[in-house]
Amino acid sequence: MKKLTQPVQNLFRRLWFYLTILGPGLITASADNDAPGIATYSMAGSTYGYKFLWLILFVTFGELIVQEMAARMGAVTGKGTADLIRERFGVRITTFAMLCLLLANLGTTIAQFAGIAAAAELFGVTRYIAVPILAFLVGLMVLRGSYRYVEKVLLVLCLSALSYVITAFLLRPPWGEILRQAVTPSFQSDTGYILAVLATIGTTITPWGIIYIQASVADKGVSMDEYLYTRLDVVSGAAWGNVVSAFIVICTAATLFVAGMPVETAEQAAMALEPLAGAGARYLFSIGLLGASVLAASVLPLSTTYAICEAFGWERGLDRSSHEAPIFYGLYIAMLILSVVVVLVPGMPLFALMWLSQSLNAILLPVLLVLTLRLVNNRRVMGNYVNKKWQNVLGWALTVAISGVTVVLLASPWLS
Amino acid sequence: MLYVSQLQGKQIWDAWGASVGRCVDVLIGDPGQAFPPVRALVCRNGQQQFIAAEQISALYPSIVLNVPGSGIVPYVPRGDELWLIDRVLDRQIVDTEGRRVVRVNDLQIAKVRDRFCLTGVDVGGAGLLRRLGLERPVGAFMRLFKRSLREGVVPWEDVAPVHQEDPLRLRVSRDRISQLPPADIAAIFNDLDRQTGQALIASLDNETLADTLEEVPSDLQVSVLAHLEPERAADILEELPPDEAADLLADLPVDTSDQLLELMEQEDARDVRTLLAYPEDSAGGIMNTEFAVVPVGLCAGEALDYLRSSEQAQEDEAMYYVYVVDDQQRLSGVVTLRDLVMAAPQTPLDELINKDVITVQPDTPQEEVAYLVAKYDLLAVPVVDENGVLLGIVTVDDAIDAVLPTAWKKRIPRFF
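Protein chains in written order, with this note's numbering: chain A, 11 to 426; chain B, 2 to 417.
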């Protein structure tokens with residue numbers, strides 16, 4: 011009897027251990043389906059049908075490779091990405107990298123507030139009231155440190171993205187056709203298509219995701235003995251997030267693309283959920299959008315300012331007073347205010363803003379990818395845990411591919 | 002003023018004006034001194050070459066040697082040098098005067114008694130701009146508005162470099178850092194990345210480490226302790242007040258805490274075990290078992306003599322009050338240390354003590370203890386069992402922790 015219970019006990023201990031260590035990967039992956047994410051996939055699915063499924067498969071592998079490298083750097087060095095960049099590359103490159111990060115994350119933060127505005131308007135509340143109030147609440151919540159308590163509620167709201175999975179099965183789409191498209195790469199060279207490709211890449215593999223996963227693994231103090239579980243977390247998180255993304259594409263393709271209706275507003279995007287929720291679709295959609303937007307709007311500007319202050323050695327952290335850390339708080343509040351102002355510009359197309367910010371993300375991403383690849387191959391930083399050859403081949407191929415799409419984008423006016 | 006960034010990558014010329022190579026690093030000796038001397042320059046010209054400081058005639062505006070290229074006697078590193086560009090520039094460093102972690106933007110070199118010496122660390126914006134090549138334009142721009150760039154140079158004797166990979170240097174840092182108040186060491190520890198912080202804290206002596214640990218949030222306490230040798234961890238636990246030690250042990254896995262309790266001295270372990278039996282947020286969980294007691298029937302002078310020779314009183318951290326107990330250890334009264342000291346030696350204790358003592362039971366909730374402490378302006382509350390036997394005291398700082406969380410407790414995850 012004793013012989014039998016010992017392995018069982020060990021199994022449970024391992025399972026418990028896995029559960030405690032699980033997390034960062036899952037959160038980043040859920041963040042894939044934030045407001046700009048939902049907008050990007052809805053736009054792609056409704057405009058190009060199932061054609062984008064192969065791209066989602068492709069970026070899933072890309073995300074796995076990139077997130078794994080970042081997590082490994084966090085575990086080995088115990089340091090943040092910005093910290094390592096500064097120590098290894100000096101002030102000039104750091105400044106350039108941080109400018110790119112700031113630009114990418116500012117774009118995404120604006121997109122989150124566009125998501126808040128769109129969600130509010132689906133509920134019939136004007137953005138001129140909803141956005142300033144929610145921005146104020148988000149700032150207050152984060153600066154007063156009560157974010158932790160609200161996070162759980164927001165994560166539950168994000169679960170409404172699951173309704174896409176249910177809707178997809180209700181729709182009975184042509185699964186055979188879907189599978190075929192998912193493994194058949196296709197490409198067009200018109201500007202709109204390339205922007206959509208970039209947005210899909212940029213909303214899945216994000217500069218923010220790299221920095222977040224490394225920071226949280228470093229902060230948890232994951233040692234290399236336990237790293238296997240972190241890797242599992244990263245892999246399962248990325249896979250899960252992209253399954254949901256794929257279902258958003260499937261739903262919008264099976265409803266809106268079939269009806270010949272490329273999504274240009276949040277209202278149209280919500281129609282993809284009508285087979286499940288009927289007239290309530292707009293509310294279901296806007297609740298999910300709101301939860302995801304507020305969650306990301308809380309986390310994104312703060313982690314951005316933190317990384318920048320870390321790189322330049324400025325006082326930072328919420329346990330400092332605004333007098334001690336003026337740049338930290340100043341930059342954070344400036345990001346919030348700027349985002350609100352942009353969203354409130356009269357006539358600003360919210361939906362386009364949401365997904366185009368992600369194209370910008372993808373254009374800036376290679377900067378951080380190159381630095382990450384250089385760091386993860388540095389034996390003085392990583393010791394014996396530098397990249398294996400295949401990891402390098404895939405990592406560099408991804409970087410080149412993304413930069414290549416950007417080049418094609420710049421050339422596209424002359425191509426078509 | 003001369004800065005290391007101005008030497009980095011600069012041509013080195015010999016006495017005849019011929020190029021020898023480029024300067025890639027600066028080595029200094031004796032980093033424990035206030036003005037550590039420059040020992041050598043690292044010169045790269047195909048291969049790496051060390052040039053002893055004695056052979057340098059000028060560093061600025063050009064690096065010129067006082068010997069011809071063929072006459073350079075190579076410097077043989079002794080192994081105790083500090084590589085400024087490789088190991089200090091761009092790294093984090095502890096400013097022991099400002100008691101914070103800062104980043105090294107530049108390093109200042111000056112001639113002290115005919116020798117080039119490291120004098121200070123530039124942690125300010127001027128250093129950043131210099132590295133970006135923008136110091137002059139921005140400086141000129143500021144002068145238009147009759148302002149000047151703020152210099153942020155901290156003298157070398159007020160900084161402590163902290164690199165876990167550099168045990169030698171850590172000794173200097175430890176000596177400088179362990180002078181600081183424990184709360185400041187804890188703040189510095191908190192600002193450093195996990196591995197460096199752990200290396201720093203492990204280098205402190207047991208008493209300083211224990212004092213620092215008291216100021217550190219509980220999840221970090223656990224991870225620090227887990228990284229120490231079990232024997233050392235047990236020593237640290239003995240140094241901690243029993244209530245803190247019990248809290249810490251309660252957060253550890255049972256196997257580990259049992260092992261540590263075994264390694265601790267019998268008496269300390271017994272105290273801690275008693276406390277572990279009570280819930281963490283009850284009077285029993287936060288009480289201190291080290292307090293000052295005297296038996297009934299003494300007069301003031303005898304009581305003071307008794308205290309001086311009492312081991313239990315020696316261990317009392319604050320000793321605001323002296324408790325009087327009967328032969329059954331039942332609490333019969335309390336007197337403030339002030340009254341005891343100020344009273345004439347012959348005054349019987351009976352006349353001095355307050356017999357109507359506010360007490361709590363071990364299972365009294367922490368909030369209620371805090372309420373009593375605030376209501377009656379107490380510095381400590383005795384904890385008694387149902388028979389009136391004195392078990393311990395809750396001091397005001399432990400009691401108010403419940404209602405007024407310390408700065409650490411409201412700290413949200415570091416990277417958010």
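The beta-carbon is built from N, C-alpha and C at its ideal position, and this holds for glycine as well.
All figures in this text were calculated on a predicted structure; none of them were measured in a lab.
What are the start and end residues of the beta strand (DSSP E) that includes residue i?
i, result
"residue 116 of chain B", "116-123"
"residue 58 of chain B", "57-59"
"residue 73 of chain B", "Per DSSP, residue 73 of chain B belongs to no beta strand (DSSP E) and is neither H nor E."
"residue 20 of chain B", "20-29"
"residue 141 of chain B", "Taken as a continuous stretch (DSSP letters only), residue 141 of chain B belongs to no beta strand (DSSP E), being part of the alpha helix (DSSP H) at 136-145."
"residue 96 of chain B", "93-96"
"residue 88 of chain B", "That residue, residue 88 of chain B, is in no beta strand (DSSP E); it is neither H nor E in DSSP."
"residue 322 of chain B", "322-326"
"residue 51 of chain B", "48-53"
"residue 337 of chain B", "332-337"
"residue 107 of chain B", "107-113"
Looking at residue j and residue i, is the spacing between their C-beta atoms short of 8 Å?
i, j, result
"residue 144 of chain A", "residue 126 of chain A", "yes"
"residue 1 of chain A", "residue 221 of chain A", "There is no way to answer for residue 1 of chain A, as the model of chain A reaches only from 11 to 426."
"residue 97 of chain B", "residue 177 of chain B", "yes"
"residue 196 of chain A", "residue 398 of chain A", "no"
"residue 244 of chain B", "residue 276 of chain B", "yes"
"residue 273 of chain A", "residue 82 of chain A", "no"
"residue 119 of chain B", "residue 37 of chain B", "yes"
"residue 177 of chain A", "residue 47 of chain A", "no"
"residue 395 of chain B", "residue 320 of chain B", "no"
"residue 13 of chain B", "residue 94 of chain B", "no"
"residue 405 of chain A", "residue 381 of chain A", "no"
"residue 291 of chain B", "residue 317 of chain B", "yes"
"residue 4 of chain B", "residue 91 of chain B", "no"
"residue 214 of chain B", "residue 235 of chain B", "no"
"residue 124 of chain A", "residue 392 of chain A", "no"
"residue 340 of chain B", "residue 350 of chain B", "no"
"residue 15 of chain B", "residue 68 of chain B", "yes"
"residue 206 of chain A", "residue 53 of chain A", "yes"
What does the Cβ neighbour count give for residue i, buried or exposed, with the cut at 16 atoms within 10 Å?
i, result
"residue 240 of chain A", "buried"
"residue 295 of chain B", "buried"
"residue 136 of chain A", "exposed"
"residue 20 of chain B", "exposed"
"residue 263 of chain B", "exposed"
"residue 58 of chain B", "exposed"
"residue 356 of chain B", "exposed"
"residue 407 of chain A", "exposed"
"residue 425 of chain A", "exposed"
"residue 388 of chain B", "exposed"
"residue 347 of chain B", "exposed"
"residue 28 of chain B", "buried"
"residue 410 of chain B", "Per-residue confidence for residue 410 of chain B stands at a pLDDT of 39, beneath the threshold of 50, marking its modelled position as unreliable; the derived number appears in the next sentence. Flag for residue 410 of chain B reads exposed."
"residue 71 of chain B", "exposed"
"residue 414 of chain A", "exposed"
"residue 185 of chain A", "exposed"
For the alpha helix (DSSP H) containing residue i, name the first residue and the last one.
i, result
"residue 401 of chain B", "397-401"
"residue 406 of chain A", "399-425"
"residue 122 of chain A", "91-132"
"residue 249 of chain B", "243-252"
"residue 236 of chain B", "231-240"
"residue 376 of chain B", "367-376"
Inset, instruction - Could you please tell me which residues of the segment 46-66 of chain A, in chain order, have their CB closer than 7 Å to any CB of chain B? - result: Residues of the segment 46-66 of chain A that bring their beta carbon within less than 7 Å of a beta carbon in chain B are absent altogether.
Inset, instruction - Give the residues from the segment 100-111 of chain A that approach chain B closer than 9 Å (Cβ to any Cβ), ordered along the chain. - result: Taking 9 Å as the cut-off between beta carbons, the residues of the segment 100-111 of chain A near chain B are 100, 101, 102, 104 and 105, in sequence order.
Legend entry - Complete alpha helix (DSSP H) runs within the segment 274-319 of chain B (minimum length 4 residues, chain order): Entirely contained in the segment 274-319 of chain B, the alpha helix (DSSP H) runs reaching 4 residues are, in chain order, 284-287, 301-310 and 312-316.
Inset, instruction - Please name the residues in the segment 131-142 of chain B whose beta-carbon is closer than 7 Å to at least one beta-carbon of chain A, in chain order. - result: For the segment 131-142 of chain B, which is checked against every Cβ of chain A, the residues closer than 7 Å are 132 and 133.
Inset, instruction - Pick out the complete alpha helix (DSSP H) segments inside the segment 245-294 of chain A, 4 residues or longer, and give them in chain order. - result: DSSP runs (the alpha helix (DSSP H)) wholly in the segment 245-294 of chain A: 276-280 and 284-287.
Inset, instruction - With a floor of 4 residues, list each alpha helix (DSSP H) that falls wholly inside the segment 341-394 of chain A, ordered by position along the chain. - result: Contiguous alpha helix (DSSP H) elements confined to the segment 341-394 of chain A occur at 360-386 and 389-392, taking only those with 4 or more residues.
Inset, instruction - Below 9 Å between beta carbons is the criterion; list the residues of the segment 265-294 of chain A that meet it against any residue of chain B, in chain order. - result: Hits within the stretch: zero.
Inset, instruction - Using a Cβ-Cβ cut-off of less than 8 Å, give me the residues of the segment 222-252 of chain A that come near chain B, in sequence order. - result: Only 222, 225, 226, 228, 229 and 231 from the segment 222-252 of chain A bring a Cβ to less than 8 Å from some Cβ of chain B.
Inset, instruction - Report the residues of the segment 184-206 of chain B with a CB closer than 7 Å to any CB of chain A, ordered along the chain. - result: Only 194, 195 and 196 from the segment 184-206 of chain B bring a Cβ to less than 7 Å from some Cβ of chain A.
Legend entry - Near-chain B residues of the segment 76-87 of chain A - C-beta to any C-beta below 8 Å: Listed by position, the residues of the segment 76-87 of chain A near chain B (Cβ gap below 8 Å) are 87.
Inset, instruction - Using a Cβ-Cβ cut-off of less than 7 Å, give me the residues of the segment 177-198 of chain A that come near chain B, in sequence order. - result: So the list is empty, because no residue satisfies the distance condition.
Inset, instruction - With 7 Å as the C-beta to C-beta threshold (strictly closer), list the residues of the segment 379-398 of chain A near chain B in chain order. - result: Listed by position along the chain: nothing, the set is empty.
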